[in-house]
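Working notes for the structure below.
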Amino acid sequence: MKATIDYTLRLGDSALILSHRIAEYCSKAPHLEEDLAITNVGLDLLGQAENLLTYAAKLKGNTTADELTFKRKEKDFRCVHLVETPNIDFAYILARQFLMDIYHNLLYTKLADSSDETIAGISKKAIKEVRYHLQRSQDWVVRLGQGTEESHQRIQNAFDELWMYTDELFFDNSTDKEVAEKGIAPLNSSLKAEWKEKVNQVLQDATLKIPEEIHHTLQYGKNGCHTEYLGFLLAEMQHLPLLYPDAKW
Amino acid sequence: MGKDNQGVLWEVFIQPKAGGTYKHVGSLHAYDKEMAMQSARDLYTRRSEGNGIWLVKGEDIVSSQSIDDEAFFDPANDKIYRHPTFYKMPDGAKHI
Numbered sequence: 274m275k276a277t278i279d280y281t282l283r284l285g286d287s288a289l290i291l292s293h294r295i296a297e298y299c300s301k302a303p304h305l306e307e308d309l310a311i312t313n314v315g316l317d318l319l320g321q322a323e324n325l326l327t328y329a330a331k332l333k334g335n336t337t338a339d340e341l342t343f344k345r346k347e348k349d350f351r352c353v354h355l356v357e358t359p360n361i362d363f364a365y366i367l368a369r370q371f372l373m374d375i376y377h378n379l380l381y382t383k384l385a386d387s388s389d390e391t392i393a394g395i396s397k398k399a400i401k402e403v404r405y406h407l408q409r410s411q412d413w414v415v416r417l418g419q420g421t422e423e424s425h426q427r428i429q430n431a432f433d434e435l436w437m438y439t440d441e442l443f444f445d446n447s448t449d450k451e452v453a454e455k456g457i458a459p460l461n462s463s464l465k466a467e468w469k470e471k472v473n474q475v476l477q478d479a480t481l482k483i484p485e486e487i488h489h490t491l492q493y494g495k496n497g498c499h500t501e502y503l504g505f506l507l508a509e510m511q512h513l514p515l516l517y518p519d520a521k522w
Numbered sequence: 003m004g005k006d007n008q009g010v011l012w013e014v015f016i017q018p019k020a021g022g023t024y025k026h027v028g029s030l031h032a033y034d035k036e037m038a039m040q041s042a043r044d045l046y047t048r049r050s051e052g053n054g055i056w057l058v059k060g061e062d063i064v065s066s067q068s069i070d071d072e073a074f075f076d077p078a079n080d081k082i083y084r085h086p087t088f089y090k091m092p093d094g095a096k097h098i
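The listed protein sequences correspond, in order, to chains H and L. The first sequence runs 274 to 522 under my numbering. The second sequence runs 3 to 98 under my numbering.
In structure tokens, the structure reads:
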């Protein structure tokens, strides 16, 4: 049970924090159409986060999705480092999205067959959304890669810088091993080969260099150890409910 | 970004129900048809407005010019005999 809660929190937190990063970008995209489109992706992720955190709250008992979102401390979050990274520029945002979209596609496809019925149900609904997210972010990666000299350089820089955060996606901690044994979720390491193949394919299409594999020696977000970025994000996200507990509007 | 690099204008038509007619709902800017289709989906169908999308490049649409209004449309005003309003319709006839 503890492992299931931890795992559900991780899925929910990763969707929540990525959605918050996208929300921060609202009104700042290069043009109006893209602004609406990327914000829609953020709203999809927020919906997934709500479903997952509601389930985590039910398993935990005596709490709600809102409380988990607004009243937990940084070390209690379980999101992966990749979604915590800040919005450096448009290329960076799209590269981060693309890396997560491929991962979510593979993961939710497997989770649709989870032995946990609620997780399977949430995943079946999410897979339709993340499939579209991937189509969008993948097109942008190719477009920026094949675009101007500047767009090519920026998307290449983004992948070079974000690459070190991708190994966490395929790292299995004790929670992963336990939920895998119970048939709730696949081992992350089992998704790596397919993820790499798909990422490589798109990067080649985009005429981008595939960054070298880096082993990230820091602690991982899924273990509750976060990047320096998360604390600032939470300070902003949780500010209002902490200042005015249980405010209604 | 400058004002001139948002791509070309596309007109968007949505089909509310399968088999129904496509209706013009608005326009958008995009660099190519794939991007135009994705934007159309995000801008115009996210609240279940329909399940079919047509896109036409604005420049491919031929439209009448307002300078032609008099010659094109005014002559219709005084020719009521072009409307089938002089027939007596039997009671109960529908769809006229």
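All C-beta atoms in this analysis are idealised placements derived from N, C-alpha and C, irrespective of residue type, glycine included. None of these values were measured; they are calculated from a predicted model.
Taking 7 Å as the threshold (beta carbon to beta carbon), is residue i in contact with chain L?
i	result
R409 of chain H	yes
L309 of chain H	yes
N378 of chain H	no
H304 of chain H	yes
D335 of chain H	The displayed chain sequence assigns Asn, not Asp, to residue 335 of chain H. Chain L contact via Cβ: absent.
N313 of chain H	yes
Output yes or no for whether 7 Å exceeds the beta carbon distance between residue i and residue j.
i	j	result
Q17 of chain L	G60 of chain L	no
A330 of chain H	G285 of chain H	no
V27 of chain L	V10 of chain L	no
V414 of chain H	F444 of chain H	no
A364 of chain H	R427 of chain H	yes
I530 of chain H	D389 of chain H	There is no way to answer for residue 530 of chain H, as the model of chain H reaches only from 274 to 522.
V220 of chain H	I375 of chain H	Here chain H covers residues 274 to 522 and nothing more, so residue 220 of chain H does not appear.
L325 of chain H	T281 of chain H	yes
E434 of chain H	Y493 of chain H	no
Assuming residue i is part of the beta strand (DSSP E), what are its boundary residues?
i	result
A329 of chain H	Looking at the DSSP string, A329 of chain H is not in any beta strand (DSSP E); the run it does join, the alpha helix (DSSP H), is L305 to K333.
V58 of chain L	G54 to K59
E13 of chain L	V10 to Q17
K25 of chain L	K25 to A32
Look at the alpha carbon of residue i and the alpha carbon of residue j, and state the distance between them as a whole number of angstroms.
i	j	result
E451 of chain H	A276 of chain H	7 Å
Y298 of chain H	D362 of chain H	10 Å
A368 of chain H	K333 of chain H	34 Å
L305 of chain H	E347 of chain H	34 Å
G418 of chain H	Q411 of chain H	11 Å
A310 of chain H	E402 of chain H	13 Å
E36 of chain L	K469 of chain H	25 Å
T312 of chain H	A479 of chain H	24 Å
A520 of chain H	A338 of chain H	16 Å
S65 of chain L	D386 of chain H	54 Å
I392 of chain H	N496 of chain H	21 Å
S287 of chain H	T439 of chain H	13 Å
Y89 of chain L	K19 of chain L	35 Å
K81 of chain L	K25 of chain L	29 Å
F432 of chain H	F74 of chain L	58 Å
Could you check how far apart the C-beta atoms of residue i and residue j are, in whole angstroms? I think they sit under 8 Å.
i	j	result
A322 of chain H	L289 of chain H	4 Å
E357 of chain H	L506 of chain H	7 Å
P359 of chain H	W436 of chain H	So it is not a contact: roughly 16 Å between Cβ atoms.
Q429 of chain H	L481 of chain H	5 Å
Following the continuous alpha helix (DSSP H) through residue i, name the residue where it begins and the one where it ends.
i	result
W436 of chain H	No alpha helix (DSSP H) contains W436 of chain H, which DSSP labels as neither H nor E.
F343 of chain H	A338 to K344
E297 of chain H	K275 to Y298
R416 of chain H	E390 to G418
W468 of chain H	K465 to D478
Kindly indicate if chain H contains any beta-carbon less than 7 Å away from that of residue i.
i	result
L57 of chain L	no
S29 of chain L	no
Q17 of chain L	no
L11 of chain L	no
D70 of chain L	no
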